[in-house]
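Chains as they are written, first to last, in the working numbering: chain A, 1 to 396; chain B, 397 to 792. Where is the CB? At the ideal position from N, CA and C, for every residue including glycine. Since the model is a prediction, treat every value here as computed from it, not as a measurement.
Protein chains: 2
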Amino acid sequence: MSTPSTSSSPARRGSGRGQRVTIADIAARAGVTSAAVSLAVNGRPGVSDATRARILEIARELHWEPSPSARALAGAPVLSVGMVLARPAEVLGNEAFFGAFSAGLQEVLSSRDYSLQMKIVESAEAEIDTYRRWFAQRRVDGIVMVDLQLEDPRIPALEELGRPALVIGGPGHHGTLPSVYVDDALATRLLVEHLADLGHTRIARVAGTRGYHHTAQRDESFLAVCAERGATGTLHEAGFGALGAARCVAELVAGEQPPTAIILDSDEMALAGAHVLQESGVDIPGQVAIASYEDSPLARMHRPPLTAIGRSAVEYGRRAAHRILELIEEDRGAHRGGGAADGRDAAEDARPELRAIEPELIIRASSDPRAATDPLLLAVDGDPDRTVGGSSATQG
Amino acid sequence: MSTPSTSSSPARRGSGRGQRVTIADIAARAGVTSAAVSLAVNGRPGVSDATRARILEIARELHWEPSPSARALAGAPVLSVGMVLARPAEVLGNEAFFGAFSAGLQEVLSSRDYSLQMKIVESAEAEIDTYRRWFAQRRVDGIVMVDLQLEDPRIPALEELGRPALVIGGPGHHGTLPSVYVDDALATRLLVEHLADLGHTRIARVAGTRGYHHTAQRDESFLAVCAERGATGTLHEAGFGALGAARCVAELVAGEQPPTAIILDSDEMALAGAHVLQESGVDIPGQVAIASYEDSPLARMHRPPLTAIGRSAVEYGRRAAHRILELIEEDRGAHRGGGAADGRDAAEDARPELRAIEPELIIRASSDPRAATDPLLLAVDGDPDRTVGGSSATQG
DNA sequence: GGCGACTACTATAGCGCTCAAGTAGAAGAC
DNA sequence: GTCTTCTACTTGAGCGCTATAGTAGTCGCC
Chain A
1 MSTPSTSSSP
11 ARRGSGRGQR
21 VTIADIAARA
31 GVTSAAVSLA
41 VNGRPGVSDA
51 TRARILEIAR
61 ELHWEPSPSA
71 RALAGAPVLS
81 VGMVLARPAE
91 VLGNEAFFGA
101 FSAGLQEVLS
111 SRDYSLQMKI
121 VESAEAEIDT
131 YRRWFAQRRV
141 DGIVMVDLQL
151 EDPRIPALEE
161 LGRPALVIGG
171 PGHHGTLPSV
181 YVDDALATRL
191 LVEHLADLGH
201 TRIARVAGTR
211 GYHHTAQRDE
221 SFLAVCAERG
231 ATGTLHEAGF
241 GALGAARCVA
251 ELVAGEQPPT
261 AIILDSDEMA
271 LAGAHVLQES
281 GVDIPGQVAI
291 ASYEDSPLAR
301 MHRPPLTAIG
311 RSAVEYGRRA
321 AHRILELIEE
331 DRGAHRGGGA
341 ADGRDAAEDA
351 RPELRAIEPE
361 LIIRASSDPR
371 AATDPLLLAV
381 DGDPDRTVGG
391 SSATQG
Chain B
397 MSTPSTSSSP
407 ARRGSGRGQR
417 VTIADIAARA
427 GVTSAAVSLA
437 VNGRPGVSDA
447 TRARILEIAR
457 ELHWEPSPSA
467 RALAGAPVLS
477 VGMVLARPAE
487 VLGNEAFFGA
497 FSAGLQEVLS
507 SRDYSLQMKI
517 VESAEAEIDT
527 YRRWFAQRRV
537 DGIVMVDLQL
547 EDPRIPALEE
557 LGRPALVIGG
567 PGHHGTLPSV
577 YVDDALATRL
587 LVEHLADLGH
597 TRIARVAGTR
607 GYHHTAQRDE
617 SFLAVCAERG
627 ATGTLHEAGF
637 GALGAARCVA
647 ELVAGEQPPT
657 AIILDSDEMA
667 LAGAHVLQES
677 GVDIPGQVAI
687 ASYEDSPLAR
697 MHRPPLTAIG
707 RSAVEYGRRA
717 AHRILELIEE
727 DRGAHRGGGA
737 ADGRDAAEDA
747 RPELRAIEPE
757 LIIRASSDPR
767 AATDPLLLAV
777 DGDPDRTVGG
787 SSATQG
């Protein structure tokens with residue numbers, strides 16, 4: 001009963017294995033040509049509402065879904081977004097951020113029937129090469145570029161390609177490409193002001209590797225806010241990773257005028273730093289306060305729990321997904337003769353549009369002693385403990 | 397100079413935007429037809445070695461790469477592997493395992509020019525539906541299925557589809573499908589024997605959610621090895637996640653005859669348990685030893701560092717990638733009329749083939765006091781500290 | 001020295017879709 | 001009533017590849 005009425009077209013099928021029902025079946029059933037079906041399912045004008053409804057109904061009935069390959073070959077979008085990671089798999093495995101970020105990306109992309117292609121490469125050149133090939137092969141409709149550097153060769157490369165590409169990171173240094181970023185200046189301000197409010201006047205910032213855009217951003221903002229609040233701010237480069245941070249913190253506390261507060265670039269670094277302090281018998285937060293730019297289950301579960309910036313990498317990924325989908329949409333529209341839906345001017349798209357994500361300060365006991373009293377059984381709840389010690393805070 | 401010599405075929409090009417050089421260009425340059433080029437680049441017989449070399453050379457010269465869409469449409473493999481995750485993005489973000497596992501997958505797949513499609517869904521039905529659609533649309537060549545359950549509805553569904561599919565988890569409960577798994581029985585043996593060797597006689601196992609295949613596997617093995625060694629083993633279900641583990645451990649140590657050693661299902665759980673003990677003033681490993689089934693940077697950096705099973709999720713992913721690629725290859729061969737390369741019998745493939753990954757015990761100070769002396773600055777090295785305390789161990 | 005078997009290709013028909021160009025039929029304008 | 005304009009389609013040509021059937025040319029062999 002779900003087979004087409006036949007008797008008109010010959011039994012051309014029979015190759016079996018895989019695809020069965022095609023656009024032709026739907027067309028035959030609806031008494032139109034395949035072109036009409038195409039217009040109908042793609043929501044384009046050219047068919048009456050009645051016919052469109054009929055076609056869609058039949059498509060649903062026959063469980064038909066257009067073949068992505070055929071679509072792509074014929075020039076339609078391939079429904080795929082690409083992301084390249086220029087880091088060894090081993091390092092990625094240790095990165096809480098990427099797992100969460102890509103999970104957020106996936107979630108939104110999947111819901112729109114897009115898929116995410118990921119690739120791990122060795123170098124920036126290989127990454128650029130991958131972008132070229134992906135677009136040349138029409139393997140992706142757009143790119144999400146991560147790990148923005150200060151003088152990033154990928155930016156001009158992507159600009160030259162002229163295809164939808166979204167930069168994660170900024171503001172600044174992303175050329176004419178749109179970007180989504182966490183406002184690191186604000187994040188830094190939240191952290192420093194929180195520590196200053198608690199009376200700290202010697203604050204150290206232990207940074208990861210230079211060259212990354214966000215690192216520079218934080219440096220600058222850190223010094224500015226320290227100056228503003230009359231605190232002595234010092235910068236230290238430790239490289240990302242636990243070892244560097246541990247060494248750096250060890251040196252700091254062994255110094256003549258050790259800082260009373262230390263801000264570290266990641267959770268992993270902050271935990272390593274905290275362990276060094278604890279092994280040296282330094283009380284946290286009594287003698288030295290600790291805060292991190294990254295919140296994660298580790299931060300929550302550590303004793304004392306770490307004050308951190310919650311930037312919800314999952315949400316970050318979701319935002320990025322929405323943005324790149326918009327870009328692909330715009331590109332599609334622009335190339336189809338000036339915009340099918342809205343009459344937006346193509347030239348207007350030239351502006352390097354940005355989207356920021358608001359950072360949020362999560363105050364815990366590693367900086368604020370008033371937050372130190374909660375028993376673990378309450379603190380490790382599945383939900384983020386923004387209410388620990390009753391002194392939670394959100395962005396200003 | 398890189399444009400074809402033309403003068404023969406008309407200037408049919410001009411649509412621009414994207415793909416430029418096609419198989420026809422290569423064919424024209426080489427003085428053969430596109431079919432010959434196809435045979436050459438796909439390593440199939442039918443062209444002389446000389447011609448093949450010439451064609452490949454020209455292809456390289458012109459930077460030509462076959463269009464995946466066109467290939468797929470014409471019936472070739474789409475060079476894509478799919479993986480569906482039926483968990484919320486938020487949970488995935490907290491999961492160290494999946495980030496690392498998929499990084500390993502990616503790495504190998506990328507190197508063979510395959511891509512990995514990931515999708516996040518809500519339920520097992522949605523997951524099965526995705527498999528159906530992916531294969532029907534020819535969006536993937538094969539599937540990697542994770543999170544094997546005891547009575548898993550996805551197994552019969554995938555068996556029915558009859559396409560390449562690899563189960564992560566086992567042994568057992570994966571029907572006729574091939575699988576790659578960590579040998580949880582051996583892992584359990586390593587953990588229990590290590591603790592028994594240290595003189596523990598009351599050992600508790602705090603397990604995650606029932607229903608997962610590996611949980612059942614561990615339960616069984618745990619009781620068996622405990623019995624073998626004359627130790628009292630008790631099972632406790634806490635659910636995955638920190639909170640459940642914390643509660644469970646709190647109850648355990650408050651009991652009349654508290655265990656002297658606790659094995660927990662994951663790092664997160666073990667850390668939560670350790671914190672509970674530390675807050676209760678219980679010495680680790682003096683009064684209670686702690687061990688975990690999962691190694692991660694957290695385990696390494698905790699004080700005391702956690703004894704754990706290192707199963708290298710990255711390597712796990714790599715193995716899975718190799719296996720699913722093999723399966724796809726076999727499927728290809730089988731469907732092309734009995735095998736182009738090797739004369740393997742198709743019926744032979746029916747055997748449910750397995751591949752195991754050897755677990756490895758990493759002894760640290762949470763169980764063995766002799767490993768407790770290293771300063772943090774050495775312990776948090778970027779490399780896994782299999783040598784901490786000089787008492788490292790590998791699988792037996 | 002004509003037949004079969006093999007090699008090394010060619011010719012051509014799709015795969016399932018999209019898109020530009022074309023057309024029948026109705027509606028409106030004068 | 002003829003001409004234009006609009007809607008709602010149809011027609012047909014690809015997109016770039018693969019696969020199957022077919023065909024020259026070579027070789028061996030009694």
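Item: Tyr712(B) by DSSP, collapsed to three states: which one?; Value: helix
Item: With DSSP run on the structure shown, which of helix, strand or coil describes Arg344(A)?; Value: Per-residue confidence for Arg344(A) stands at a pLDDT of 41, beneath the threshold of 50, marking its modelled position as unreliable; no derived number is given.
Item: What's the gap between the Cα of Gln674(B) and the Cα of Glu220(A)?; Value: 40 Å
Item: Excluding five sequence neighbours on each side, which residues of the same chain lie with their C-beta closer than 7 Å to the C-beta of Ala185(A)?; Value: Gln217 and Ser221
Item: Mind pulling the beta strand (DSSP E) runs of 3 or more residues that sit fully within the stretch 575-628 of chain B?; Value: 575-578 and 598-603
Item: What first and last residue would you give for the beta strand (DSSP E) that runs through Gly82(A)?; Value: Ser80 to Leu85
Item: Going by alpha carbons, who is nearest to Asp230(A) out of Glu65(A), Gly43(A), Arg202(A) and Ala53(A)?; Value: The sequence shown places Gly at residue 230(A), rather than the Asp named in the question. Per the Cα distances, Arg202(A).
Item: Helix, strand or coil: how does DSSP classify Gln533(B) here?; Value: coil
Item: Helix or strand or just coil, what does DSSP make of Thr234(A)?; Value: strand
Item: Go through its chain and collect everything with a Cβ distance to Asp273(A)'s Cβ below 8 Å, but skip five positions before and after it.; Value: Here residue 273(A) turns out to be Gly, not Asp, going by the sequence shown. Excluding positions up to five away in sequence, the list reads Val206, Ala245, Ala246, Cys248, Val249, Ile262, Leu264 and Ile290.
Item: For the candidate residues Ala638(B), Pro549(B) and Asp543(B), whose alpha-carbon lies nearest to that of Arg606(B)?; Value: Asp543(B)
Item: Would you mind telling me which residues of chain A sit closer than 8 Å to His697(B), beta carbon to beta carbon, in chain order?; Value: Residue identity differs from the one stated: residue 697(B) is Met in this sequence, not His. Ala242, Glu268, Leu271, Ala272 and His275, listed in chain order.
Item: Should Ser507(B) go down as buried or exposed, given a rule of 16 or more other Cβ atoms within 10 Å for buried?; Value: exposed
Item: With a threshold of 16 other CB atoms inside 10 Å of the CB of Gln513(B), please say whether the residue is buried or exposed.; Value: buried
Item: Would you say Glu647(B) and Val621(B) are within 8 Å of each other, going by their C-beta atoms?; Value: no
Item: Residues in the stretch 174-189 of chain A with C-beta within 7 Å of chain B's C-beta atoms, listed in sequence order?; Value: none
Item: Between the stretch 124-138 of chain A and the stretch 512-528 of chain B, do three or more beta carbon pairs fall short of 8 Å?; Value: no
Item: What in chain B is Cβ-close to Gln287(A), meaning under 7 Å?; Value: Within 7 Å Cβ-Cβ: nothing; Gln287(A) doesn't reach chain B, min ~17 Å.
Item: Can you tell me whether Val144(A) is helix, strand or coil according to DSSP?; Value: strand
Item: Shorter than 8 Å from the beta carbon of Gln149(A) to some beta carbon of chain B?; Value: no
Item: Grab me the residues of Arg319(A)'s own chain with a C-beta within less than 7 Å of its C-beta, minus the 5 sequence neighbours each way, in chain order.; Value: Val180, Arg355 and Ile357
Item: Shorter than 8 Å from the beta carbon of Gly604(B) to some beta carbon of chain A?; Value: no
Item: Hey, out of Met83(A), Glu61(A), Phe101(A) and Pro259(A), whose CA is closest to Arg132(A)'s CA?; Value: Met83(A)
Item: Among the residues of its own chain, which have a CB less than 6 Å from the CB of Gly397(A), if the five just before and after it don't count?; Value: Residue 397(A) cannot be examined here, being either before or after the span of chain A that is shown, 1 to 396.
Item: Does chain A have any CB closer than 8 Å to the CB of Leu557(B)?; Value: no
Item: Just to confirm, are Gly172(A) and Ser266(A) a CB contact at a threshold of 8 Å?; Value: no
Item: Would you say Arg205(A) faces chain B, with C-beta separation under 8 Å as the test?; Value: no
Item: Under the three-state reduction of DSSP, which class applies to Arg52(A): helix, strand or coil?; Value: helix
Item: Could you tell me which whole alpha helix (DSSP H) segments of length 4 or greater appear in the stretch 657-732 of chain B?; Value: 663-675, 693-697 and 709-731
Item: Less than 8 Å between the beta carbons of Ala717(B) and Ala704(B), yes or no?; Value: no
Item: Nearest to Leu723(B) by alpha carbon, out of Ala561(B), Val437(B) and Met665(B)?; Value: Ala561(B)
Item: Please tell me whether Gly538(B) and Ala89(A) are closer than 8 Å, where the distance is taken between their beta carbons.; Value: no
Item: Using a Cβ-Cβ cut-off of less than 7 Å, give me the residues of the stretch 58-71 of chain A that come near chain B, in sequence order.; Value: Glu65, Ser67, Pro68, Ser69 and Ala70
Item: Anything in the stretch 497-516 of chain B with a Cβ closer than 7 Å to a Cβ of chain A? List those residues in chain order, please.; Value: Ala499, Gly500, Gln502, Glu503, Ser506, Ser511, Leu512, Gln513, Met514, Lys515 and Ile516
Item: Taking the DSSP output, what are the residues bridged to Val41(A)?; Value: Answer by DSSP bridge pairing: none, since Val41(A) is not bridged.
Item: Is the CB-CB distance between Ser762(B) and Pro700(B) below 8 Å?; Value: yes
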